[in-house]
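Comments concern the structure below.
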Amino acid sequence: MADLKTKYMGLELRSPIIAGSCGLTSDVEKMVEMEKAGVGAVVLKSIFEEQINEETSGVFKAGYGMGDAYPEAEDYIKAYIRSNTIQKYVELVRNAKSRLTIPVIASVNCFSGGEWVSFARQLEEAGADALELNVFILPVNEFKESAEVENVYFEIVKSIKSQIKIPVSVKISHYFTNLSAFVDKIKAYGANATTLFNRFYEPDININTLEMGAASVFSTAAELRTTLRWTGILAGKDKKLEISASTGVHGGEAAVKLLLAGATTVQVCSVLYEKGIHVIEDINNFIGKWMDSKAFKTIGDYRGMLSYSSIENPDLYERAQFMKYFSNKQY
């Protein structure tokens, strides 16, 4: 029988399938259900860096502030709201750890290395087994050099690693000029793993109402291609790099592909909403049966077998192959 156990950031996982950060992982009962279905670990729903600031400012915008008359009272109220927001998340970590036997990974959606960094220690003390930093900085300032933007990521990682001892993964997008070099630096600054890729709200335009809105928050199976490409390239260039592949995973076949490309773990999210939590068991069963059919006993027997550096023609991972293919076709 196939053995699906694996290690991720030093954590023992019974399956490479991780429940990614989402609304479902803010509900302890749902996470208990995920554990029963066979998930290897859970990433809690993110607490946002700006969430605290927005909640604080919202109180004063609503007219509850003391204004200039009592600045010390306003500071007290801000501190109270911030503490209350943090405490709720800390309690989520504690409750999850008290009910689950699988690793619990806390998550912070951040864009700076500000004072929130000290909050990471509370997550560690609450029992979080690891921390995933979901970082996305949209560079809209034309006067800011790309290196300045990248340095923000590095500062966040350095700040966090100076505060906590639990492992840290950095969840990033693929919008970098040289993703390989960037990920290499993230690792050099202390990240234990990287998650490819974060999925953020995309804008959409309603041509009937002439209004801006948000596109679907769920991924599609077609989005696996970008995740697969970069998982294969990055895992192939650095055999010791731990990658948690995310986005576009809607079944067992996709999970196997990512493991073959070199992923250490595979995160699922959208499919949990679309098919239900029981899909975790289906994905595990698919992986196990596929491994049996290929006579693979452990995931280590085939992980990275088809990464960038392991295949005869690594150009297949590159865009250039598109032109090579069509240059010989007549249309």
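Numbering (the numbering used here), first residue to last: 9 to 339. Yeah, the Cβ is synthetic: ideal placement off N, Cα and C, and Gly gets one too.
Strand pairing of residue i, partner residues [DSSP]
{"i": "G221", "result": "D212"}
{"i": "Q275", "result": "I26"}
{"i": "Y16", "result": "L19"}
{"i": "D11", "result": "T306"}
{"i": "T202", "result": "V178, I251"}
{"i": "I288", "result": "According to DSSP, I288 bridges with nothing at all."}
{"i": "A138", "result": "I113"}
{"i": "V143", "result": "C118"}
{"i": "I55", "result": "V116"}
{"i": "A49", "result": "I26"}
Contact set for residue i: own chain, Cβ-Cβ below 6 Å, skip 5 residues either direction
{"i": "A262", "result": "L232"}
{"i": "E289", "result": "A45, G46"}
{"i": "E210", "result": "A223"}
{"i": "S254", "result": "G28, T203, Q275"}
{"i": "V36", "result": "N103, A104, R107"}
{"i": "H258", "result": "A229, V279"}
{"i": "T14", "result": "L21, P24, I307"}
{"i": "P79", "result": "Reliability fails at P79, whose pLDDT of 47 lies under 50, so the model's placement of it is uncertain and no value is given."}
{"i": "W298", "result": "V264"}
{"i": "A189", "result": "none"}
{"i": "K152", "result": "none"}
{"i": "G66", "result": "Bear in mind that a pLDDT of 49 at G66, under 50, signals an unreliable position, so the number given afterwards is only what the model happens to contain. Hits under 6 Å: none found."}
Residue i vs residue j beta-carbon contact at 8 Å
{"i": "Y316", "j": "A201", "result": "no"}
{"i": "L280", "j": "V274", "result": "no"}
{"i": "L139", "j": "V101", "result": "no"}
{"i": "L242", "j": "V191", "result": "yes"}
{"i": "T272", "j": "G256", "result": "no"}
{"i": "L21", "j": "A49", "result": "yes"}
{"i": "V225", "j": "A27", "result": "no"}
{"i": "F294", "j": "F208", "result": "no"}
{"i": "L187", "j": "W238", "result": "yes"}
{"i": "I307", "j": "L12", "result": "yes"}
{"i": "L52", "j": "P111", "result": "no"}
{"i": "V40", "j": "R107", "result": "yes"}
{"i": "G325", "j": "G240", "result": "In the sequence on display, residue 325 carries Tyr and not Gly. Contact: yes."}
{"i": "V98", "j": "I168", "result": "no"}
{"i": "I285", "j": "K96", "result": "no"}
Close Cβ partners of residue i (< 7 Å) along its chain, the five nearest in sequence each way excluded
{"i": "R129", "result": "Q171, I172"}
{"i": "S54", "result": "S29, S115, V116, N117, N142"}
{"i": "N214", "result": "G221"}
{"i": "I25", "result": "V47, G48, A263, V274, V276, I288, I291, N292"}
{"i": "Y197", "result": "F162, V165, K166"}
Other residues of its chain near residue i: CB distance less than 8 Å, five sequence neighbours each side excluded
{"i": "I194", "result": "Y161, F162, V165, V178, I180, T202"}
{"i": "A77", "result": "Residue confidence is low: A77 scores 43 on pLDDT, short of 50, so the model does not pin down where it sits. Its coordinate-derived value is still stated next. Once the five neighbours on either side are set aside, A77 has no close Cβ partner at all."}
{"i": "M9", "result": "G296, D300"}
{"i": "G71", "result": "Because the pLDDT of G71 is 47, which lies under 50, any placement of that residue in the model is unreliable, and the question is left without a value."}
{"i": "S34", "result": "L52, K53, L100"}
{"i": "N159", "result": "none"}
{"i": "T109", "result": "E43"}
From the options, residue whose alpha carbon lies closest to that of residue i
{"i": "D137", "options": "M313, A104, K152", "result": "A104"}
{"i": "A269", "options": "I94, S278, L249, E150", "result": "L249"}
{"i": "T185", "options": "Y325, K283, A155", "result": "A155"}
{"i": "I174", "options": "E320, S278, G135", "result": "G135"}
{"i": "F205", "options": "S252, G121, R311", "result": "S252"}
{"i": "N321", "options": "G244, L52, Y310, G296", "result": "G244"}
{"i": "A199", "options": "G121, V176, H182, Y97", "result": "V176"}
{"i": "G122", "options": "E133, N149, E150, F56", "result": "F56"}
{"i": "Y183", "options": "K283, E219, L146", "result": "L146"}
{"i": "S227", "options": "K152, R311, E153, E282", "result": "E282"}
Distance cut-off 7 Å: residue i Cβ against heavy atoms of the ligand MG
{"i": "E163", "result": "Absent from the structure shown: the ligand MG. Ligands present: none."}
Okay, do the stretch 303-316 and the stretch 37-51 touch, 3+ Cβ pairs below 8 Å being the bar?
no
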